[in-house]
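Read through the structure below, which is laid out as structure tokens, and then see the notes.
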Amino acid sequence: MRVEASHEGDRLTLRFTPQGEEPRQAGASMARSETVLEPVPESPLHPDVVALVALLCVRPWLDGQLEMDRPVSQVFAASVLAGEGVELGPVDPAVEPRTRTEGGPVALAYSGGVDCTAALEVLGEGTRCYYQQRHRFDGQPLEGPFDTSAAVAAVKHIQQLGVQARTVRTDLELLREPVGFPHDLVNIAPALLWADADGTSAVCWGTVLTSATLLGATAYRPYEESAFVAGFGPAFQAVGMPVANVIAGVSEMGTHLIAERSRYGAVASSCQRGRPGQPCMECWKCGRKTLSVWGLADQWPEGPVLDRFLQQRAIAWNLRRRPIRVELALAWAAGAYARSTTADGRSRVMQALHELTKGVDASPLTKVFLPAVDPMPARLREPAVAALRRHLEVMSPAEEQWVRDWTIEQHGGEPERKKARSALAAALDPERNPTGLDDFDPQSLAPSQDLAFTVGEPSVGPAASGARRPRLLAWPRRARERRAGC
531 MRVEASHEGD RLTLRFTPQG EEPRQAGASM ARSETVLEPV PESPLHPDVV ALVALLCVRP
591 WLDGQLEMDR PVSQVFAASV LAGEGVELGP VDPAVEPRTR TEGGPVALAY SGGVDCTAAL
651 EVLGEGTRCY YQQRHRFDGQ PLEGPFDTSA AVAAVKHIQQ LGVQARTVRT DLELLREPVG
711 FPHDLVNIAP ALLWADADGT SAVCWGTVLT SATLLGATAY RPYEESAFVA GFGPAFQAVG
771 MPVANVIAGV SEMGTHLIAE RSRYGAVASS CQRGRPGQPC MECWKCGRKT LSVWGLADQW
831 PEGPVLDRFL QQRAIAWNLR RRPIRVELAL AWAAGAYARS TTADGRSRVM QALHELTKGV
891 DASPLTKVFL PAVDPMPARL REPAVAALRR HLEVMSPAEE QWVRDWTIEQ HGGEPERKKA
951 RSALAAALDP ERNPTGLDDF DPQSLAPSQD LAFTVGEPSV GPAASGARRP RLLAWPRRAR
1011 ERRAGC
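Numbering (my numbering), first residue to last: 531 to 1016.
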């Protein structure tokens, strides 16, 4: 793949020319050959940084080589070859690698979601946030249900609280068909491009335990073998921006606990389709993460209402996958429902999920898996561990071993799971599991800002002593009326 980079004023344009049999087919196809990022610094950008951004944009479609229009350093080219197996050129010994800013703040890829909000809370004051906003430069509206307004509002909120945050508009997600990130790490591009101007010294994502270690996919994989550490880790190190993923040992349940106690958490929402303060309550993220919230608060809708919520098209489609994406998080939620003192136990979907996951005890997921912090830069590791301990309990050695030993087979073999899958499919079918809620409004189930979590209290720190935002359960009006039979 050949790359031509044009840097004019505060705009960076990358043009890609496939070579040979490129673009390779890698699930998603390469739909465009040009992308723009704006604003970027008007001062010269280091060629290694531009090359790293370009590599992240087209990595899935490369045939092993990336040719830039300007030379990169030997150190950076060697790091890309070692980590990703990509030959990068041209190389000029006269090009010095980018110099790291010693002691500078961490640059966080921020989108207003719960996970990156938790990362911001753990990193603390001084963190620089970078929001990569999907944008079209041709004047056409964004297609599909995607809505950036909640993320934009979240950026404004943290800025009002004193966090230095930048928004960089880009159409790089349009390189891919279907639309989305070409590579999971590409949303760090704004932080890389602003690194010299802002003096940052490390990069961080809101990457959680299930993503960092594949926990909940098929089997645990050490974080050290991930793209963050083994794949692109050497390249980030070579441009002076080592990876510092502070919540790589925290599950989605843990990030909810951290964000709920954070002053940044009031507007946190992982939904990419909703409006500020109004998640869509129809997408897969809303489905999965809302189950976690209800489990943490031990406050559940009535069984038929819960089933109707989970029968919605996008949520039900994901629950039918084999295996279900992040199935271990659903095992935790199903276990929380089964043990609940407030649930009526009538949800056929939750019963089937509990049976599908063989009642696996996933309770350690409300605690932090500290070994995932080990790959962080040494100067950042100690304060990160201290912050994590203030918010969450730490897994015991036995619980850490449970994480390392986990495989999807613990949820049962395929023959054992066949009956549970059939029960789940029936529960997700409105005709086979009618709820009688023809006027169902998913918005009525959006968790209130007054919802109080009842699990996951740390043993040390302000949260343990009660220094947290007071919260009470407050169902929206329509939900209260329906629950009362009105």
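Note that the Cβ used here is the ideal one computed from N, Cα and C, for glycine as well.
- Could you tell me which of Gln-549, Val-652, Glu-929 and Arg-554 sits nearest to Val-915, measuring between CA atoms? Locating residue 915 in the sequence shown gives position 385, where the first residue counts as 1. Here the closest residue by C-alpha is Val-652.
- Message: Against chain B, does Glu-754 count as a neighbour if the rule is that its beta carbon must be under 8 Å from one of theirs?
- Response: The question asks about chain B, but that chain is absent: this structure has only one protein chain.
- Message: For Lys-819, which residues in the same chain have their Cβ closer than 6 Å to its Cβ, ignoring the five residues on either side in sequence?
- Response: For the purposes of this step, residue 819 is taken as residue 289 along the sequence shown, with counting starting at 1. The answer, listed in chain order, is Ser-800.
- When we look at the beta-carbon of Gly-833 and count the other beta-carbons within 10 Å, is it buried (16 or more) or exposed? Locating residue 833 in the sequence shown gives position 303, counting from the first residue. Looking at its Cβ environment, which holds 16 or more other Cβ atoms inside 10 Å, Gly-833 is buried.
- Task: To the nearest angstrom, report how far apart Arg-666 and Glu-944 are at their CA atoms.
- Result: Within the sequence shown, numbered from 1, the residue matching residue 666 stands at position 136. Within the sequence shown, numbered from 1, the residue matching residue 944 stands at position 414. Rounded to the nearest angstrom, the two C-alpha atoms are 45 Å apart.
- Query: If we count Cβ pairs, one from each stretch, closer than 8 Å, do we get three or more for the segment 577–588 versus the segment 607–624?
  - Reply: yes
- Query: From Ala-789 to Thr-547, what does the alpha carbon distance come to, in whole angstroms?
  - Reply: Walking along the sequence shown from the start, residue 789 turns up at place 259. Walking along the sequence shown from the start, residue 547 turns up at place 17. Roughly 43 Å separates the two Cα atoms.
- Which residues share a DSSP beta bridge with Met-560? Translated into the one-based positions of the sequence shown, residue 560 becomes position 30. DSSP, once it has assigned bridges, lists Arg-706 as partnering Met-560.
- Message: Excluding the 5 residues flanking Gln-663 on each side, which residues of the same chain have their C-beta closer than 8 Å to its C-beta?
- Response: As a first step, residue 663 must be located in the sequence shown, where it is residue number 133. Excluding positions up to five away in sequence, the list reads Thr-678, Ala-681, Val-682, Thr-697, Val-698, Arg-699 and Thr-700.
- Query: Between the segment 865–880 and the segment 824–843, do at least 3 Cβ pairs fall closer than 8 Å?
  - Reply: yes
- Contacting residues, own chain, Cβ-Cβ under 7 Å from Gly-763 (five flanking each side not counted): If you number the sequence shown from 1, residue 763 lands on position 233. Excluding sequence neighbours, Gly-763 sits near Gly-613 and Val-773.
- Just mark Arg-600 as buried or exposed, buried being the case when its beta carbon has 16 or more other beta carbons within 10 Å. Here residue 600 is taken as the residue at index 70 of the sequence shown, counted from 1. That one is exposed.
- Straight-line Cα distance separating Leu-585 from Ala-608: Taking the sequence shown and counting its residues from 1, the one referred to as residue 608 is at position 78. Taking the sequence shown and counting its residues from 1, the one referred to as residue 585 is at position 55. Near 14 Å, if we compare the C-alpha coordinates of Leu-585 and Ala-608.
- DSSP bridge partner residues for Val-566 (one or two, in chain order): Looking up residue 566 in the sequence shown gives position 36. Thr-543.
- Shortest alpha-carbon distance to Arg-919 belongs to which of Glu-885, Arg-805, Gln-808 and Gly-779? Here residue 919 refers to the residue found at position 389 of the sequence shown. With distances taken between Cα atoms, Arg-919 lies closest to Gly-779.
- Query: Assuming Leu-640 and Ala-725 make a contact with CB atoms under 8 Å, what is their CB distance in whole Å?
  - Reply: As a first step, residue 640 is located in the sequence shown; it is residue number 110 there, counting from the start. As a first step, residue 725 is located in the sequence shown; it is residue number 195 there, counting from the start. The sequence shown places Tyr at residue 640, not Leu. Going by Cβ atoms, the distance from Tyr-640 to Ala-725 rounds to 15 Å, so no, they are not a contact pair.
- Message: If I follow the unbroken alpha helix (DSSP H) through Val-636, where does it start and stop?
- Response: For the purposes of this step, residue 636 is identified with residue 106 of the sequence shown, where counting begins at 1. Note, Val-636: premise wrong, no alpha helix (DSSP H); beta strand (DSSP E) at 636–639.
- Alpha carbon to alpha carbon, what distance is there between Ile-688 and Pro-1049? Residue 1049 cannot be examined here, being either before or after the span of the chain that is shown, 531 to 1016.
- Secondary structure at His-576, three-state DSSP: helix, strand or coil? Translated into positions along the sequence shown, residue 576 becomes position 46. Residue state, collapsed to three classes: coil.
- Query: In whole angstroms, what is the alpha-carbon distance linking Ser-995 and Tyr-794?
  - Reply: Stepping through the sequence shown from its first residue, residue 995 is reached at position 465. Stepping through the sequence shown from its first residue, residue 794 is reached at position 264. Model confidence at Ser-995 stands at a pLDDT of 43, short of 50, so the residue's coordinates are unreliable and nothing is read from them.
- Query: Tell me which same chain residues have a C-beta within less than 7 Å of the C-beta of Ala-863, skipping the five on either side of it?
  - Reply: Taking the first residue of the sequence shown as 1, we reach residue 863 at position 333. These residues qualify, in order along the chain: Leu-821, Ser-822 and Gly-825.
- Message: Quick check: the Cα distance between Gly-784 and Leu-886, rounded to an integer number of angstroms?
- Response: Start at 1 with the first residue of the sequence shown, and residue 784 comes out as number 254. Start at 1 with the first residue of the sequence shown, and residue 886 comes out as number 356. Those two C-alpha atoms are separated by around 23 Å.
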